[in-house]
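These notes are about the structure you will find just below.
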Amino acid sequence: MEDVGEYRLLHKIGVGSFATVWKAMHKITGEIVAIKVIVPRMDQLRQQLELIAQEQAIMKSIAHPNVVKLLGMISEDEHDELSTRYLVMEFCEGGDLDHYIHLNKKLSAGVARTIMLQLSAALQELRRMNLIHRDLKPHNLLLKNKVAPGSDPEGEEIVVKLTDFGLARKLQPQGMAQTMCGTYLYMAPEVISHNKYDAKADLWSVGVMLYQMITGRRPFEACSSEDLFRKLGNKVQFRGEDCWDPDCRDLCEGLLRKNPLERISFEEFFNHKFLRGSS
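The numbering of the sequence shown is the UniProt record's numbering, which starts it at 1 and goes up by one.
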């Protein structure tokens, strides 16, 4: 197995556009970590270096129980821009939320509430720091510990942590962004239509995630961003009426309002009765 500084890479656990993620072990202490391996490409060097520096700075600045902890960064050669970078992070053995939904087909309102409460706590911290994530999706919400498929103790044993801040950026209150980025199936309508957008774009993504937790499907499926843009003209269909807790549906409807001016606010999301209830 390859060594990275004081760590030994064990096996690959994730692959992204710019990086791969490995499970690794500290050679002396035996501590298990996740290491994000980023190999800069000449044709995208400036963009990649900016994203690496941005992700490192943001993760170093956040200390929250529902955000993956950055433990350190290793560079093969600090003087060579093309050298491989390694982000050493807290390891979450339960995999990601997308995998957990797939194993269970769909989640109960109780489990969804537990997950949403923790996601809302992480987003409150981002709001406090004037950060917008811009790539919220089940793949970027990790389960700290393994949870058996089908177990449903009102989600009490589930601890989730937000990760992947490569596309996150500072956005002052009332500020707007314009770059189209993220994963298109979770992009807000204002993002996918190339309009300016604010932090409420993250709330649309949260709504898609909640819908997927309850139904096992996304509200809109598409083979491309252009196809999704066309389908966003349709009304959101709340499939499986019997699986929707009324408060959960109310929250999801508020999050999935296509006009960001009509979408619920962060304060309304953080204090919604579904998150505070026990149905």
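Positions of the beta carbon are idealized from the N, C-alpha and C atoms, including for glycine. Remember, predicted model here, so these are calculated numbers, not experimental data.
- Your pair Arg-218 and Leu-256 does not check out as a contact, with CB atoms roughly 11 Å apart and the cut at 8 Å.
- Boundaries of the alpha helix (DSSP H) harbouring Thr-215: 200-215, taken from the DSSP string.
- Going by DSSP, Glu-90 is part of the beta strand (DSSP E) stretching over 85-90.
- Counting C-beta pairs with one atom in each stretch, the stretch 86-101 and the stretch 132-146 have three or more that are closer than 8 Å, which means they touch.
- Cβ-Cβ distances below 6 Å link Ala-222 to Leu-228 and Lys-231 in the same chain, with the five nearest sequence neighbours on each side left out; the list follows chain order.
- The three-state reading of DSSP puts Arg-218 in coil, since its state is none of H, G, I, E or B.
- Close CB contacts of Glu-6 within its chain, under the 7 Å cut and outside five residues either way in sequence, are with His-26, Lys-27 and Ile-28 (chain order).
- Under the three-state reduction of DSSP output, Ala-148 falls in the coil class, being neither helix nor strand.
- When DSSP assignments are scanned along the stretch 62-127, the uninterrupted stretches of beta strand (DSSP E) that are 3 or more residues long and fall wholly within it turn out to be 70-75 and 85-90.
- A distance of 9 Å or more separates the beta carbons of Asp-247 and Phe-220.
- Spanning the alpha carbons of Ile-58 and Lys-69 requires a straight line of approximately 11 Å.
- Residue range 189-192 is occupied by the alpha helix (DSSP H) that includes Ile-192.
- Met-209 sits buried, since 16 or more C-beta atoms from the chains shown fall within 10 Å of its C-beta.
- A residue is called buried when at least 16 other Cβ atoms come within 10 angstroms of its Cβ; Pro-65 does not meet this threshold and is exposed.
- Per DSSP, Arg-8 is one residue of the beta strand (DSSP E) stretching across 7-15.
- By the CB criterion at 9 Å, Glu-267 and Gly-254 fall outside the cutoff.
- If you draw a straight line from the Cα of Leu-261 to the Cα of Gln-44, it is about 35 Å long.
- Distance check between Ile-38 and each of Ser-83, Glu-2 and Ala-24 places Ser-83 closest, using alpha-carbon atoms only.
- Boundaries of the beta strand (DSSP E) around Leu-143: 141-143.
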